[in-house]
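S.K.: Residue numbers (the numbering used here): 106 to 444. Note that beta-carbon positions come from the ideal geometry of N, C-alpha and C, so glycine has one too.
#1: Are residue 292 and residue 345 close, meaning C-beta to C-beta below 9 Å?
#2: Under 8 Å, with one C-beta from each stretch per pair, do the segment 312-332 and the segment 373-393 reach the 3-pair mark?
#3: Can you tell me the Cα-Cα spacing of residue 296 and residue 175, whole angstroms?
#4: How would you call residue 173, buried or exposed, if buried means at least 16 neighbouring beta carbons within 10 angstroms?
#5: Indicate whether residue 328 and residue 248 have their beta-carbon atoms separated by less than 9 Å.
#6: Classify residue 124: buried if its beta carbon has 16 or more other beta carbons within 10 angstroms, exposed otherwise.
#7: Since residue 432 and residue 379 are thought to touch, with beta carbons under 8 Å apart, how far apart are those beta carbons, to the nearest angstrom?
#8: Considering Cα atoms alone, identify which of 422, 130 and 134 is closest to residue 184.
#9: What number of angstroms, rounded off, separates the C-alpha of residue 399 from the C-alpha of residue 405?
#10: Can you grab the Cα-Cα spacing for the pair residue 177 / residue 217, in whole Å?
#11: What does residue 405 pair with, by DSSP beta-bridge criteria?
#12: Touching or not, the segment 363-378 and the segment 310-319, by the rule of three or more beta carbon pairs under 8 Å?
#13: Helix or strand or just coil, what does DSSP make of residue 226?
#14: Would you grab the beta carbon distance between residue 126 and residue 241 for me? Rounded to a whole angstrom, and I think it's under 8 Å.
#15: Check the DSSP bridge columns for residue 193 and list the partner residues they point to.
#16: For the candidate residues 415, 138 and 419, whose alpha-carbon lies nearest to that of residue 409?
#17: How is residue 296 classed by DSSP in three states: helix, strand or coil?
#18: Quick check on the DSSP output: the alpha helix (DSSP H) that includes residue 61 runs from which residue to which?
#19: Exposed or buried, residue 153, counting other C-beta atoms within 10 Å across all chains shown (16 or more means buried)?
#20: Going straight from the alpha carbon of residue 117 to that of residue 206, what length do you get?
#21: According to the neighbour-count rule (16 or more other Cβ atoms, all chains shown, within 10 Å of its Cβ), is residue 244 buried or exposed?
See below:
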């Protein structure tokens with residue numbers, strides 16, 4: 106992923122250090138976890154905001170390292186963002202919502218600058234808020250194509266040709282239709298200093314437009330320029346495809362009709378009880394997938410539940426989400442039937 110300056114983000118090494126950092130002044134807290142895929146994107150957004158809004162203190166907590174603090178603040182999922190003043194929570198942003206986080210940071214920075222002792226900083230403009238949104242969009246998938254129309258229905262010849270190239274090279278990618286959002290369309294031109302479309306990004310970095318992508322393909326360089334997770338043929342590409350093979354996919358021991366361990370049996374029962382439509386993959390039939398998923402998602406045990414290709418968690422997390430009434434909200438509507 107692109108390197109982001111984390112210099113202004115405080116990473117406490119102990120609970121005492123964290124308490125000191127959170128106890129006074131205006132603080133923004135990011136509760137994150139290495140195993141939650143949406144956190145990686147939001148960590149970048151958080152770091153960029155910390156550089157722009159210097160009236161606030163930015164602290165990042167790993168939920169697994171500081172469980173007591175997270176429990177005290179009512180953090181039940183990650184990413185989760187808290188706004189504190191003198192140690193007291195004033196508001197929160199739940200989930201990977203970069204626009205809402207940016208707005209709340211801007212509002213709190215203005216309040217802190219007006220009422221605090223710090224010198225009032227130059228407030229970021231609407232353009233800087235757009236910058237954070239574009240940064241998140243370009244990182245939404247390992248390979249992102251900003252085009253006119255969609256992969257299935259391109260609305261200009263250049264977009265159609267670049268889609269064909271990517272498909273012929275068996276590169277997995279997501280698209281964003283710039284015709285649906287004029288702010289993104291105009292903002293990307295300045296964001297990447299590239300005036301035309303389509304624009305292709307790999308791990309948040311601009312590769313170029315149609316001419317450059319075509320030349321890279323002709324020179325045999327295109328496949329090497331995109332992350333392994335987006336390339337056909339590798340294990341990561343296979344895992345990416347498997348986790349995206351249905352709106353909800355459960356990697357388990359056995360099948361839904363014949364689970365081969367108690368944990369798998371229990372999570373199947375939970376999903377069926379919540380009337381969730383899901384596909385299963387029996388990890389006992391494929392050792393490459395079984396071992397590969399542990400690294401791919403940084404999650405060492407099974408079962409593993411994925412929604413729209415993103416890891417939700419294992420049995421304990423799914424059970425807790427069900428008990429808190431959060432499970433159905435975490436799953437795509439396409440996988441839900443009437444409760």
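M.R.: Quick answer:
#1: In the chain shown, residue 292 corresponds to position 187, counting from 1. In the chain shown, residue 345 corresponds to position 240, counting from 1. Not closer than 9 Å, so no.
#2: no
#3: In the chain shown, the residue the question calls residue 296 occupies position 191. In the chain shown, the residue the question calls residue 175 occupies position 70. Going by the C-alpha atoms only, they are around 35 Å apart.
#4: The sequence position of residue 173 within the chain shown is 68, counting from 1. So residue 173 counts as exposed.
#5: On the chain shown, position 223 is the one that residue 328 refers to. On the chain shown, position 143 is the one that residue 248 refers to. Not closer than 9 Å, so no.
#6: Reading the chain shown from its first residue, position 19 is the one you call residue 124. Looking at its Cβ environment, which holds fewer than 16 other Cβ atoms inside 10 Å, residue 124 is exposed.
#7: In the chain shown, counting from the first residue as 1, residue 432 sits at position 327. In the chain shown, counting from the first residue as 1, residue 379 sits at position 274. Rounded, the Cβ-Cβ distance is 6 Å, consistent with contact.
#8: Taking the chain shown and counting its residues from 1, one reaches residue 184 at position 79. The candidate whose alpha carbon is nearest that of residue 184 is 134.
#9: In the chain shown, residue 399 corresponds to position 294, counting from 1. In the chain shown, residue 405 corresponds to position 300, counting from 1. Going from the Cα of residue 399 to the Cα of residue 405 covers about 5 Å.
#10: As a first step, residue 177 must be located in the chain shown, where it is residue number 72. As a first step, residue 217 must be located in the chain shown, where it is residue number 112. If you take the alpha carbons of residue 177 and residue 217, they lie about 24 Å apart.
#11: Stepping through the chain shown from its first residue, residue 405 is reached at position 300. In DSSP, residue 405 forms no bridge with anything.
#12: no
#13: Reading the chain shown from its first residue, position 121 is the one you call residue 226. Legend: pLDDT at residue 226 = 43, less than 50; position of this residue unreliable, value from coordinates given subsequently. Here residue 226 sits in coil by DSSP.
#14: Taking the chain shown and counting its residues from 1, one reaches residue 126 at position 21. Taking the chain shown and counting its residues from 1, one reaches residue 241 at position 136. Going by Cβ atoms, the distance from residue 126 to residue 241 rounds to 25 Å, so no, they are not a contact pair.
#15: Position 88 of the chain shown holds residue 193. Residue 193 is bridged to 190.
#16: Numbered from 1 along the chain shown, position 304 holds the residue referred to as residue 409. If we check each option's Cα against that of residue 409, 419 comes out closest.
#17: In the chain shown, residue 296 corresponds to position 191, counting from 1. Helix at residue 296.
#18: Nothing can be reported for residue 61: it is not among the residues displayed for the chain, which extend from 106 to 444.
#19: Walking along the chain shown from the start, residue 153 turns up at place 48. Residue 153 is buried by the Cβ-count criterion.
#20: As a position in the chain shown, residue 117 is number 12, starting the count at 1. As a position in the chain shown, residue 206 is number 101, starting the count at 1. Cα to Cα, residue 117 sits roughly 22 Å from residue 206.
#21: Counted from its first residue, the chain shown places residue 244 at position 139. Classification for residue 244: buried.
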